[in-house]
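To start, the structure itself, in structure tokens.
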Amino acid sequence: MRLPACPGLAGIRIAGAGAACMPASAKVSAKTPRNSLVTTIMLSQQQLKQQAADAALAFVAEVAAPDVVIGVGTGSTADLFIDGLAAYKGRIRGTVASSERSAARLAGHGLAVLDLNDVDYMPIYVDGADEIDDHLHMIKGGGGALTREKIVASVAERFICIADESKLVAQLGAFPLPVEVIPMAREAVARTLRLLGGQPRLREGFVTDNGNVILDVHGLRIAEAQGLEKVINDVPGVVTCGLFALRGADVALLATQSGVRRLEKPHHA
Ligand code: 5RP
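All letters in the sequence shown, in the order written, are residues 11 to 279 by the working numbering.
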């Protein structure tokens with residue numbers, strides 16, 4: 011069934027079989043009777059990511075001013091945020107990027123990309139996550155930009171995590187934990203990670219923006235994310251691990267089939 015396109019439509023229940031306006035890529039349940047009065051439309055993961063990215067732009071609108079710098083993450087969700095941020099060209103001082111990839115996309119939109127050394131304050135840092143729990147602790151680094159992400163986020167007042175709801179988990183660790191490692195320490199770090207209960211695998215053919223390698227650690231049961239983050243970060247040769255728990259997100263904007271759910275960092279976390 012071909013549906014007429016209606017960019018930006020976020021609704022998921024359309025009354026009437028002949029509803030005139032639906033997202034072009036929306037899926038209609040195969041079980042829906044032809045003459046049903048209510049059709050359920052499932053938004054794709056891409057559409058959900060777009061909603062989360064759009065929701066983060068509301069935070070930009072709150073802080074935008076000629077002297078303001080926005081911290082920008084890396085990944086497919088961050089890319090959508092960057093595309094929306096283009097509307098702020100000339101209305102903010104600029105951005106700090108967490109990767110060469112994001113820097114190129116920002117510059118492509120004509121947004122200034124600043125050196126972090128020239129920036130001492132950012133009201134917000136906006137980035138995706140590979141997993142996030144209800145403490146707003148995250149696993150990040152699926153795109154390999156974890157170290158610069160952690161550095162840029164550390165300078166920001168608030169970390170706004172944008173993701174589709176599939177990233178919300180009860181316990182971190184099903185997603186293999188990325189660890190950025192100085193190349194000469196690869197095997198030494200891998201042995202230590204095995205002692206911690208993980209199964210590290212070298213991310214083949216991948217070099218980080220900092221010239222290092224990534225070990226993706228499978229099989230970790232992450233019961234205490236802050237403690238594990240400290241332990242792994244202390245292993246000689248580790249640049250940083252992809253646990254963002256010591257400095258987790260402050261706000262999570264998680265796009266669901268029924269709208270964007272907002273989670274705030276609990277006060278005790
Ligand atoms: C990159 C990251 C990303 O934020 C994470 O991988 C999520 O990416 P995506 O938005 O493409 O799902 O940590 O290093």
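Even glycine gets a Cβ: it sits at the ideal position worked out from N, Cα and C.
ask   = Can Asp140 and Leu58 be called in contact, C-beta distance under 7 Å?
value = Not in contact: Asp140 and Leu58 (Cβ atoms no closer than 7 Å).
message = Whether or not the stretch 195-209 and the stretch 161-175 are in contact is what I'm after, with contact meaning three or more pairs of Cβ atoms, one per stretch, closer than 8 Å; do they touch?
response = Result no; under three Cβ-Cβ pairs closer than 8 Å.
key: Endpoints, alpha helix (DSSP H) assigned at Gln181   = Where Gln181 is concerned, there is no enclosing alpha helix (DSSP H), given that its DSSP letter is neither H nor E.
query = According to the neighbour-count rule (16 or more other Cβ atoms, all chains shown, within 10 Å of its Cβ), is Ala60 buried or exposed?
reply = One point to set straight first is that residue 60 is Gln, not Ala, in the sequence displayed. Here Gln60 is buried. Its C-beta has 16 or more other C-beta atoms within 10 Å.
request  = Take the Cβ of Ser268 as the centre, count every other Cβ of all protein chains shown within 10 Å, and call the residue buried at 16 or more, exposed below.
outcome  = Flag for Ser268 reads exposed.
Closer than 6 Å: Lys150 CB and nearest the ligand 5RP heavy atom = yes
Bridge partners - Tyr135, DSSP secondary structure assignment = Gly81, Phe169
ask   = Is Thr202 near the ligand 5RP, judged by its Cβ being under 6 Å from some heavy atom?
value = no
Leu225 - containing alpha helix (DSSP H), residue span = For Leu225, there is no enclosing alpha helix (DSSP H); the residue is found in the beta strand (DSSP E) stretching over 223-228.
message = DSSP three-state label for Arg231, please.
response = In the structure shown, the three-state DSSP call for Arg231 is coil.
task = Using DSSP bridges, identify the partner residues of Glu274.
result = Val261
message = Pull the bridge partners of Arg211 from the DSSP assignment, please.
response = Asp226
query = In chain order, what residues of the same chain lie with their CB nearer than 7 Å to the CB of Ala107, ignoring the 5 residues before and after it?
reply = Val82, Ala113, Leu116, Val123
task = Say whether the stretch 61-72 touches the stretch 86-99, bearing in mind that this needs 3 or more beta-carbon pairs closer than 8 Å, one atom from each stretch.
result = yes
request  = Look at the Cβ atom of Val79, then the Cβ atom of Arg103, and state whether they are nearer than 7 Å.
outcome  = yes
ask   = Is the beta carbon of Asn222 sitting closer than 7 Å to the one on Ile192?
value = yes
ask   = Among Ala255, Thr250, Val217, which residue has its Cα nearest to the Cα of Ala235?
value = Ala255
task = Taking the CB atoms as reference points, tell me whether Ile142 and Phe185 lie closer together than 7 Å.
result = no
message = Buried or exposed, going by whether 16 or more other CB atoms sit within 10 Å of the CB of Ala34?
response = Low confidence applies here, because Ala34 scores a pLDDT of 39, under 50, leaving its location unreliable; read the following figure in that light. It is exposed - the Cβ of Ala34 has fewer than 16 other Cβ atoms within 10 Å.
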